[in-house]
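All remarks here apply to the structure that follows.
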Amino acid sequence: MRVSIIGGGGLVGSCAAFALQCGGIVSGLDLIDVNADLCKGQALDLLHGASLIADQRIRAVGYEAIPESDLVMITAGLRRKPDESRLDLINRNVELFLGILGNVKGAGLKKDAIVLVVSNPVDVLTYLALGQLGLPASQVIGLGTALDTARFRSLISEAVKLPPTQVTALILGEHGDSMVPIWSAAQAAGLPLDKFPGWSSSQADALFTRTKGSGAEVIKLKGGAGFAVGMAIREVVHAVALDSRRILPVSSLVSGIYGMRDVCTSVPTVVGRGGVLGQVEIELWGKEISALQQSSRVLRETIDLVLKGNPKAAGKPAPASSKPAAVAAPASKPVRVTMGAGGGGNGSGSSRVTISGIGNGNGNGHGKVTGGR
Ligand SMILES: NC(=O)c1ccc[n+]([C@@H]2O[C@H](COP(=O)([O-])OP(=O)(O)OC[C@H]3O[C@@H](n4cnc5c(N)ncnc54)[C@H](O)[C@@H]3O)[C@@H](O)[C@H]2O)c1
33 MRVSIIGGGG LVGSCAAFAL QCGGIVSGLD LIDVNADLCK GQALDLLHGA SLIADQRIRA
93 VGYEAIPESD LVMITAGLRR KPDESRLDLI NRNVELFLGI LGNVKGAGLK KDAIVLVVSN
153 PVDVLTYLAL GQLGLPASQV IGLGTALDTA RFRSLISEAV KLPPTQVTAL ILGEHGDSMV
213 PIWSAAQAAG LPLDKFPGWS SSQADALFTR TKGSGAEVIK LKGGAGFAVG MAIREVVHAV
273 ALDSRRILPV SSLVSGIYGM RDVCTSVPTV VGRGGVLGQV EIELWGKEIS ALQQSSRVLR
333 ETIDLVLKGN PKAAGKPAPA SSKPAAVAAP ASKPVRVTMG AGGGGNGSGS SRVTISGIGN
393 GNGNGHGKVT GGR
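Residues are numbered in the working numbering as their position in the sequence shown, beginning at 1, plus a constant of 32.
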């Protein structure tokens, strides 16, 4: 699978490229950036290491590479200032983003290409990309809360002194100030986090507050996030490349899940070669669902402001559920799935979930959602 990174000369784009190089799974990495020399330098530096890792084609290119790309990632953008909210960034970033979308459209995307939006404010820009590119909703993904979730897990693991990969916890909703910690799903080594000795609600609050402020903390210390966001991007890109159908907290168009609609926001999302193959509505605490709904209202208000101030940004995304679901379960039909290690549990831990299809209409999706992958 060939990946192009628009903004590939920058911190996020180059870290994503390096993470994908180390992953050795995608076959090609094309870096595109208005800063041509920086872009060439990043591509050359990556190329120098190619013989040590994997047989990937690495180039600094222009938009002529887009028609060959299976996944087009957009990381170009202006960085957040330390005291600026992600949503404040929008006024500075929308114009730039629309220009990039115009270039991508002009170059011509592959029919089944996946577009991964990373630039901030990522949920709003993902929504704009859907409207502008005219792709099925399944083919446009925003990085959403993937990075916040990774940060959350790492910070929790540090606090409870457990290996980071043994902590599972989730952040959903906006990649921004209204993000929602899903404590109801927090576990360490498969055990409920809140049962660990010494665990307290004040510790939980402090960890979430630090997670929410992590972007600003990193910006203050080193100018911007790079390594962790690169790894979060890699997880999403590999889920597409390998068609692994991992359930990831990424942003996509929602049409009713948890009572939210007509925004792009992060919910548990099945990601595979077709992009967004489904969204999993699993039972959460009532206050978590209310917070998600509030977060989607914040996003909707911002989208409305953007559309008002930028007539060029108008363009309605195709409704997510207007076509047959890529997951075989009919949209909104409750099914039982097991969300446990390896997905092979005896059902005792199964939960009631709804899988919302967001398919591209090719009907080739798998019908099962299993945990632990
Ligand atoms: N979604 C997330 O979790 C997340 C995390 C971190 C950063 N970000 C966002 O990623 C974006 C990039 O951050 P960064 O730290 O890499 O910034 P950066 O300044 O290091 O890199 C941005 C790159 O974009 C390029 N660029 C600007 N306009 C362009 C255009 N029209 N076409 C092509 N390239 C263009 C610049 O030359 C630069 O190399 C920001 O919007 C930032 O807020 C998102």
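For glycine and all other residues, C-beta sits at the position ideal for the given N, C-alpha and C.
Quiz prompt | Rounded separation between Tyr290 and Tyr159 - CA only | solution = As a working mapping, residue 290 is identified with position 258 in the sequence shown. As a working mapping, residue 159 is identified with position 127 in the sequence shown. In a straight line, the C-alpha of Tyr290 is about 18 angstroms away from that of Tyr159.
Self-check item: Whole alpha helix (DSSP H) elements within the segment 37-66, 4-residue minimum
Solution: 43-55
Quiz item: Taking 7 angstroms as the line, does the beta carbon of Ser151 fall inside it for any heavy atom of ligand 1?
Solution: By one-based count along the sequence shown, residue 151 stands at place 119. For ligand 1, at least one heavy atom lies less than 7 angstroms from the Cβ of Ser151.
Quiz item: When the Cα atoms are used, what is the spatial distance from Asp87 to Ala75?
Solution: The residue you call residue 87 lines up with position 55 of the sequence shown. The residue you call residue 75 lines up with position 43 of the sequence shown. Each residue's Cα considered, the two are about 14 angstroms apart.
Quiz item: Does the Cβ-Cβ distance between Gln198 and Ala221 come in under 8 angstroms?
Solution: Sequence index remark: in the sequence shown, residue 198 carries index 166 (1-based). Sequence index remark: in the sequence shown, residue 221 carries index 189 (1-based). Contact flag set, yes.
Self-check item: DSSP state of Ala361 mapped onto helix, strand, coil
Solution: As a working note, residue 361 is residue 329 in the sequence shown. Its pLDDT being 36, under 50, Ala361 is placed unreliably in this model, and the value from its coordinates should be taken loosely. Residue state, collapsed to three classes: coil.
Quiz item: Contact check, Val212 vs Ser327 under 8 angstroms by CB: the rounded distance?
Solution: Taking the first residue of the sequence shown as position 1, residue 212 is located at position 180. Taking the first residue of the sequence shown as position 1, residue 327 is located at position 295. Correct: roughly 6 angstroms between the Cβ atoms.
Exercise. Compute the beta-carbon to beta-carbon distance between Phe228 and Val192, rounded to the nearest angstrom, for a pair I have assumed lies under 8 angstroms.
Key: In the sequence shown, the residue the question calls residue 228 occupies position 196. In the sequence shown, the residue the question calls residue 192 occupies position 160. Sure, about 6 angstroms apart at Cβ, within 8 angstroms.
Quiz item: Should Thr243 be listed as close to ligand 1, given that the test is whether its C-beta is under 7 angstroms from any heavy atom?
Solution: For the purposes of this step, residue 243 is taken as residue 211 along the sequence shown, with counting starting at 1. Flag unset: Cβ of Thr243 not near ligand 1.
Quiz item: Which one of Asp120, Leu165, Pro114, Pro153 has the shortest CA to CA distance from Ile132?
Solution: In the sequence shown, the residue the question calls residue 132 occupies position 100. The option with the nearest alpha carbon to Ile132 is Leu165.
Exercise. May I ask you to report which of helix, strand or coil DSSP gives Val330?
Key: Numbered from 1 along the sequence shown, position 298 holds the residue referred to as residue 330. Correct three-state label for Val330: helix.
Quiz item: What are the boundary residues of the alpha helix (DSSP H) that includes Gly247?
Solution: The residue you call residue 247 lines up with position 215 of the sequence shown. Looking at the DSSP string, the run of the alpha helix (DSSP H) that includes Gly247 is 246-254.
Self-check item: Segments assigned beta strand (DSSP E), at least 3 residues, entirely inside the segment 105-170
Solution: 146-149
Quiz item: Should the segment 232-239 be called in touch with the segment 172-182, which here means at least 3 C-beta pairs below 8 angstroms?
Solution: no
Quiz item: Closer than 7 angstroms: is that where the CB of Leu128 sits relative to any heavy atom of ligand 1?
Solution: Locating residue 128 in the sequence shown gives position 96, where the first residue counts as 1. Under cutoff, so the answer is yes.
Quiz item: DSSP on Glu315, reduced to helix/strand/coil?
Solution: As a working mapping, residue 315 is identified with position 283 in the sequence shown. Here Glu315 sits in coil by DSSP.
Quiz item: Hey, how far is the Cα of Ser382 from the Cα of Pro224?
Solution: Translated into positions along the sequence shown, residue 382 becomes position 350. Translated into positions along the sequence shown, residue 224 becomes position 192. Caution applies to Ser382, whose pLDDT of 35 falls short of 50 and renders its modelled position unreliable; the model cannot decide the point.
Quiz item: Taking the Cβ atom as the reference point for each residue, do Ile203 and Thr243 lie within a distance shorter than 8 angstroms?
Solution: For this step, residue 203 is matched to residue 171 along the sequence shown. For this step, residue 243 is matched to residue 211 along the sequence shown. Yes, Cβ-Cβ distance for Ile203 and Thr243 is below 8 angstroms.
Practice problem: Give the secondary structure of Val303 by DSSP, where H, G and I count as helix, E and B as strand, and everything else as coil. | Solution: As a first step, residue 303 is located in the sequence shown; it is residue number 271 there, counting from the start. It is a strand residue.
Practice problem: Kindly indicate the opening and closing residues of the alpha helix (DSSP H) around Leu78. | Solution: Position 46 of the sequence shown holds residue 78. Per DSSP, Leu78 belongs to the alpha helix (DSSP H) from 68-85.
Exercise. Using three-state DSSP, classify Val272 as helix, strand or coil.
Key: The residue given as residue 272 occupies position 240 in the sequence shown. The answer is helix: DSSP assigns Val272 an H, G or I state.
Quiz item: Of the residues Arg332, Val150, Gly163, Trp317, which one's Cα is nearest the Cα of Ala260?
Solution: Locating residue 260 in the sequence shown gives position 228, where the first residue counts as 1. Ranking Arg332, Val150, Gly163, Trp317 by Cα distance to Ala260 puts Val150 first.
Self-check item: CA-to-CA distance, His80 to Trp215, given in whole angstroms
Solution: Position 183 of the sequence shown holds residue 215. Position 48 of the sequence shown holds residue 80. Those two C-alpha atoms are separated by around 44 angstroms.
Practice problem: Name the residue from Thr301, Lys319, Glu313, Ile321 whose alpha carbon lies nearest to the alpha carbon of Arg277. | Solution: Within the sequence shown, numbered from 1, the residue matching residue 277 stands at position 245. Of the candidates Thr301, Lys319, Glu313, Ile321, the one whose C-alpha sits nearest the C-alpha of Arg277 is Thr301.
Exercise. Under 8 angstroms by Cβ, that's how I've got Pro349 and Gly176 pegged, so tell me the actual separation to the nearest angstrom.
Key: Here residue 349 is taken as the residue at index 317 of the sequence shown, counted from 1. Here residue 176 is taken as the residue at index 144 of the sequence shown, counted from 1. At roughly 16 angstroms, the Cβ-Cβ gap does not stay under 8 angstroms, so Pro349 and Gly176 are not in contact.
Practice problem: Flag Arg89 as yes when its Cβ comes closer than 7 angstroms to any non-hydrogen atom of ligand 1, and as no otherwise. | Solution: What you label residue 89 is simply residue 57 of the sequence shown in a count that begins at 1. Answer for Arg89: no, Cβ out of range of ligand 1.
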